[in-house]
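Some notes on the structure that comes next.
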Amino acid sequence: MEINTFCPSCGNGIFLKAMPSAGSIPCTRCDKSRETTGNGELDEKGALKRCGICGCKDLYRQKDFNTKLGLWVVAVIIGLALIFNNYLIPILVAGAVLDLILYFALGDIVICYQCRAIYRGMPISEKVEGFDLKIHDQYEFKPKKSEDTKEPS
Ligand SMILES: [Zn+2]
Ligand SMILES: [Zn+2]
Numbered sequence: 144m145e146i147n148t149f150c151p152s153c154g155n156g157i158f159l160k161a162m163p164s165a166g167s168i169p170c171t172r173c174d175k176s177r178e179t180t181g182n183g184e185l186d187e188k189g190a191l192k193r194c195g196i197c198g199c200k201d202l203y204r205q206k207d208f209n210t211k212l213g214l215w216v217v218a219v220i221i222g223l224a225l226i227f228n229n230y231l232i233p234i235l236v237a238g239a240v241l242d243l244i245l246y247f248a249l250g251d252i253v254i255c256y257q258c259r260a261i262y263r264g265m266p267i268s269e270k271v272e273g274f275d276l277k278i279h280d281q282y283e284f285k286p287k288k289s290e291d292t293k294e295p296s
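Mind the numbering: the sequence shown is residues 144 to 296 in this note's numbering, read in order.
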């Protein structure tokens, strides 16, 4: 399991190997820290039910697609296509196939709507669906104060 969150003050990435306990994770770049509720929950299959950082139960899934890698692949394909002009179509087809392979080879990640923590390398419950703008907006436009408080379950 890998949890990827960030410093609320400077945005520096914070990586965790396990569900955090209540407290705070110090930022390695500035003197602030990311508060954690420590009330993360997993279901019987080990899939995430509740975010361990903020305690939120609204989660969505997404392909673990590294944008930088994707852009790099596209740049190489365009470069090759320009150099080997005669093979333009085969190179573009190969590029499309490569993209497709990458897409299916990549696993899903789970993301918390409230604190945007990313959870990787663990089973995903079928109850966790794709991104829903309506749920996102509920978190985006509500007052921020509840982010670090523990809510009773
Ligand atoms: Zn920081
Ligand atoms: Zn969260």
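Glycine included, every Cβ here is placed at the ideal spot set by N, Cα and C.
Predicted model only: the values in this text are computed from it and were never measured.
Have a look at the DSSP bridge pairing and note the partners of Gly303. Limits of the chain in this structure are 144 at one end and 296 at the other, which puts residue 303 out of reach.
When you compare the stretch 198-214 with the stretch 242-259, are there three or more beta-carbon pairs, one atom per stretch, that lie closer than 8 Å? yes
Give me the Cβ distance between Ala190 and Ser268, rounded to the nearest whole Å; I'm assuming they're in contact under 8 Å. 4 Å
Report whether the distance from the Cβ of Ala260 to the nearest heavy atom of ligand 2 is below 7 Å. yes
Go ahead and pull the three-state DSSP assignment for Tyr246. helix
Residues whose Cβ lies closer than 6 Å to any heavy atom of ligand 1, in chain order: Cys150, Ser152, Cys153, Asn155, Cys170, Arg172, Cys173, Lys175
With burial defined as no fewer than 16 other Cβ atoms inside 10 Å of the residue's Cβ, what is the status of Asn228: buried or exposed? exposed
Tell me whether the beta-carbon of Ala165 lies closer than 8 Å to the beta-carbon of Gly183. no
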